[in-house]
Amino acid sequence: MFKLIIVDDELLMRMGIRSMVDWEKHGFVLAGEASNGKEALDLALKVQPDLIITDIKMPLMDGLQLIREASVMLSGCKYVILSYFNEFRYAKEALQLGAVDYLIKNEMTSAALIQLLEIIRHRLLEDKVRSGIKELPSGYSESLSHLKENLFKDMISGLMDTSKALTKAEQLHVRVRSDELRVIKFRMDTFEKIRKKYVEKDEKLLRFSIFNILEEIIPRKWDKEIVIESSSDYLLMINSVRTDSARAEIKNLCGLIQQAMRDFMNLTFSVGVSSVVHDLRCLRTACQEADHALRSRFFLGTGRILFYEHTGTGTGRKEINFLRSGEWKTDFRNALDSHKEEKLVNILNEIRAKLTFDQAKERVIREFYIWLTEIISIELSYECRFQLPQADMLPYEAVLAAETWDEVHSIVLSYARQYIVVGHPLPERSYADLAADLIHRDYAEGISLLSIANQINVNPSYLSRVFKQEKGENFVSYLTRVRMERAKSFLESRKYKVSEVADRVGYHNYPYFSKIFKKVVGINPEEYRG
1 MFKLIIVDDE
11 LLMRMGIRSM
21 VDWEKHGFVL
31 AGEASNGKEA
41 LDLALKVQPD
51 LIITDIKMPL
61 MDGLQLIREA
71 SVMLSGCKYV
81 ILSYFNEFRY
91 AKEALQLGAV
101 DYLIKNEMTS
111 AALIQLLEII
121 RHRLLEDKVR
131 SGIKELPSGY
141 SESLSHLKEN
151 LFKDMISGLM
161 DTSKALTKAE
171 QLHVRVRSDE
181 LRVIKFRMDT
191 FEKIRKKYVE
201 KDEKLLRFSI
211 FNILEEIIPR
221 KWDKEIVIES
231 SSDYLLMINS
241 VRTDSARAEI
251 KNLCGLIQQA
261 MRDFMNLTFS
271 VGVSSVVHDL
281 RCLRTACQEA
291 DHALRSRFFL
301 GTGRILFYEH
311 TGTGTGRKEI
321 NFLRSGEWKT
331 DFRNALDSHK
341 EEKLVNILNE
351 IRAKLTFDQA
361 KERVIREFYI
371 WLTEIISIEL
381 SYECRFQLPQ
391 ADMLPYEAVL
401 AAETWDEVHS
411 IVLSYARQYI
421 VVGHPLPERS
431 YADLAADLIH
441 RDYAEGISLL
451 SIANQINVNP
461 SYLSRVFKQE
471 KGENFVSYLT
481 RVRMERAKSF
491 LESRKYKVSE
501 VADRVGYHNY
511 PYFSKIFKKV
521 VGINPEEYRG
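Just so you know, we're using full-length UniProt numbering here: the sequence shown kicks off at 1 and counts up by one.
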């Protein structure tokens with residue numbers, strides 16, 4: 001692990017930063033804290049930190065002087081400055097002294113800090129490699145893999161100059177050659193359903209397990225590199241065997257991997273395979289081809305092995321607009337109004353047949369099915385739509401999240417069937433009740449009086465007035481109370497870190513969350529947890 005120290009004369013700020021991140025998860029261990037630059041310098045000489053996060057204005061010795069003196073004594077240490085808006089000129093000077101970056105105190109979020117830590121960690125690792133140090137920090141026996149992964153991601157995204165990338169690939173002893181190179185993309189099927197079974201830490205274990213299966217199951221005769229794009233997507237860069245049956249061997253290999261994932265993880269994957277390229281410079285193109293091949297999953301279904309040469313770019317599919325004509329609209333409305341399931345099934349099957357015949361693009365198909373859900377929604381009052389049974393997302397969101405055309409079709413048919421059952425007006429509910437329902441549902445999001453008013457189609461000023469009259473407190477007070485009650489529940493459960501609790505109840509600035517929590521509850525979150 002890399003060592004860091006936190007320096008700030010405000011105890012609450014140090015506590016906030018300390019609790020904001022799972023440091024070890026991101027490769028750092030907290031080696032100490034200090035309340036001024038002089039104390040920090042003494043501590044730094046003892047623990048030899050790799051990173052110092054420091055305030056600028058402090059007693060005895062400020063952050064700028066700390067950086068000046070520590071830079072002389074500590075080789076390779078990185079610095080991050082904490083500042084307020086009115087201290088930017090000092091932050092600028094700190095950057096000139098060699099600080100990596102600065103963070104605005106009252107805008108700092110755990111996401112921004114984590115992103116910065118990743119950048120710093122990679123720089124520290126690269127420093128180790130460049131300086132020829134073979135012994136990387138404890139816990140980083142796989143650091144070379146991380147460096148390779150980031151190199152490939154930079155090459156794929158086009159962020160790194162090609163010649164520089166090739167030089168770096170040679171330095172990192174990349175295992176794949178330029179000739180007979182394919183990119184194979186594995187995408188987990190039904191990922192959103194699977195994701196719900198995992199908390200964040202388990203998701204990391206999921207990625208690790210899949211990576212290990214890929215490493216172990218592929219025979220040694222294949223030169224390969226593996227990149228984890230996300231929890232759902234995994235890239236395999238591999239050199240094909242130079243034989244007439246190369247494609248068949250690739251297909252067999254992909255099938256072997258799919259079977260292993262089913263046997264060991266109970267997971268299914270769809271696979272996209274690029275054409276052969278003969279230069280690492282073409283890696284980005286090969287990745288795009290694998291991705292294009294995978295898009296055919298929407299039409300062909302999940303669990304398939306899809307070669308780019310067979311699926312192509314999808315340019316044969318068409319943009320068609322006439323399906324929004326009045327004829328289709330009238331026919332679908334008539335089927336709804338009939339309240340007969342058979343009629344609904346028939347009209348939806350006719351629509352699908354027409355889209356298939358006209359070779360409509362995936363985007364066109366999704367948009368058209370969303371339009372169908374809008375027709376159903378218009379037939380229902382807002383209250384009916386809001387209370388549709390077994391709905392964990394809005395119909396248009398479900399259509400966008402669906403992986404295949406079969407799934408999209410099933411979602412819209414199910415929604416239409418629900419209309420037949422629920423398609424009668426419910427008792428009218430007040431705007432204040434609707435707003436309160438949305439607060440309880442979306443308290444973890446960045447909601448506001450304006451966003452809620454827009455969702456229920458009411459003037460914000462009017463909503464503010466009736467909300468206060470009916471609920472006995474204003475909108476902001478009600479939202480804050482709901483968030484604090486949920487925060488207390490999360491803290492009592494001890495399932496999440498304090499900084500994670502802040503994110504889960506809609507506060508992405510931990511010090512601000514801590515301040516509000518103490519104001520409402522009377523003690524800070526750490527004390528409440530005990």
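All C-beta atoms in this analysis are idealised placements derived from N, C-alpha and C, irrespective of residue type, glycine included.
inquiry  = The beta strand (DSSP E) that contains ALA31, what's its start and end?
reply    = 28-34
ask   = Is MET155 helix, strand or coil when you go by DSSP?
value = helix
inquiry  = Classify HIS409: buried if its beta carbon has 16 or more other beta carbons within 10 angstroms, exposed otherwise.
reply    = buried
task = Quick one: measure Cβ to Cβ for ALA70 and ILE52, integer angstroms, because I've assumed they're closer than 8 Å.
result = Rounded, the Cβ-Cβ distance is 7 Å, consistent with contact.
task = Determine the contact status of SER499 and SER19, defining contact as a CB-CB distance below 8 Å.
result = yes
request  = Return the chain-ordered list of same chain residues with a C-beta closer than 6 Å to the C-beta of ASP233, the five sequence neighbours on each side being excluded.
outcome  = So the list reads ARG187, once near-sequence residues are dropped.
task = Look up ASN106 in the DSSP assignment and say whether it is helix, strand or coil.
result = helix
request  = Can you tell me which of the three DSSP states LEU388 falls into?
outcome  = Residue confidence is low: LEU388 scores 44 on pLDDT, short of 50, so the model does not pin down where it sits. No coordinate-derived value is stated.
ask   = Taking all protein chains shown into account, do 16 or more other C-beta atoms lie within 10 angstroms of the C-beta of SER274, making it buried, or fewer, making it exposed?
value = Buried: at least 16 other Cβ atoms inside 10 Å.
For ILE81: DSSP bridge partner residues = THR54, TYR102
task = Go to LEU267, then tell me how far its beta strand (DSSP E) extends in each direction, as first and last residue.
result = From DSSP, LEU267 is part of no beta strand (DSSP E); its letter is neither H nor E.
CB contact flag (SER338, GLY303, <8 Å) = no
ask   = Quick one: Cα of ASP358 to Cα of GLU342, how far?
value = 25 Å
key: For MET188, the three-state DSSP class (helix, strand or coil)   = strand
message = Taking the alpha-carbon of ILE114 as reference, which of SER178, MET160, GLU24 has the nearest alpha-carbon?
response = GLU24
message = Would GLY255 and ILE218 qualify as a contact pair, given that the criterion is a beta-carbon distance under 8 Å?
response = No, the Cβ-Cβ distance between GLY255 and ILE218 is not below 8 Å.
query = Quick one, are the C-beta atoms of LYS471 and LEU294 less than 8 Å apart?
reply = no
key: Closest residue to GLU526 among ILE5, MET15, ASP8, LEU11 (Cα-Cα distance)   = MET15
ask   = Is it right to say PHE208 is buried, meaning 16 or more other beta carbons lie within 10 angstroms of its own, or is it exposed?
value = exposed
request  = Give the secondary structure of ARG175 by DSSP, where H, G and I count as helix, E and B as strand, and everything else as coil.
outcome  = coil
ask   = Among residues of its own chain, excluding the 5 on either side of TYR382, which ones have a beta-carbon nearer than 6 Å to its beta-carbon?
value = Bear in mind that the predicted position of TYR382 carries a pLDDT of just 44, short of 50, making it too unreliable to give a figure here.
query = Counting Cβ pairs, one atom from each stretch, are 3 or more of them under 8 Å apart for the segment 487-504 and the segment 100-108?
reply = no
ask   = Which same chain residues, not among the five before or five after ASP9, have their C-beta less than 7 Å away from its C-beta?
value = SER35, ASN36, ASP55, MET58, PRO59
message = Can you find the residues in the same chain that come closer than 6 Å, C-beta to C-beta, to ALA335, ignoring five residues on each side of it along the sequence?
response = LYS343, LEU344, ILE347
key: Among SER464, ASP279, ALA398, PHE2, nearest to SER430 - alpha-carbon criterion   = SER464
Bridge partner(s) assigned by DSSP for ASN239 = LEU181
Member of LYS340, GLU403, GLU397, PHE299 whose CA lies at the smallest distance from the CA of residue 585 = As displayed, the chain neither begins before 1 nor continues past 530, which places residue 585 out of reach and without an answer.
task = Starting from the C-beta of ALA246, find all residues in its chain whose C-beta is less than 7 Å away, skip the five residues before and the five after it, and write them out in chain order.
result = SER240
request  = Keeping to the same chain, check which residues put their C-beta closer than 6 Å to that of GLY76; ignore five residues upstream and five downstream.
outcome  = Setting aside the 5 residues that flank it on each side, GLY76 is surrounded in the same chain by ASP127, each with a C-beta closer than 6 Å to its C-beta; the list follows chain order.
ask   = What's the gap between the Cα of ALA40 and the Cα of ALA31?
value = 11 Å
inquiry  = Helix, strand or coil for LEU4? Go by DSSP, reduced to three states.
reply    = strand
key: Where LYS196 sits in the DSSP three-state scheme   = LYS196 falls in the coil class under three-state DSSP.
ask   = Can you pull the DSSP bridge partners for ASP233?
value = For ASP233, which the question treats as bridged, DSSP gives the partners ARG187.
key: Cβ-Cβ distance between ILE257 and LEU205 below 8 Å   = no
For PRO525, three-class secondary structure by DSSP = helix
query = Out of ILE250, THR356, THR373, LEU449, which has the shortest C-alpha to C-alpha gap to TRP405?
reply = Ranking the options by Cα distance to TRP405, first place goes to THR356.
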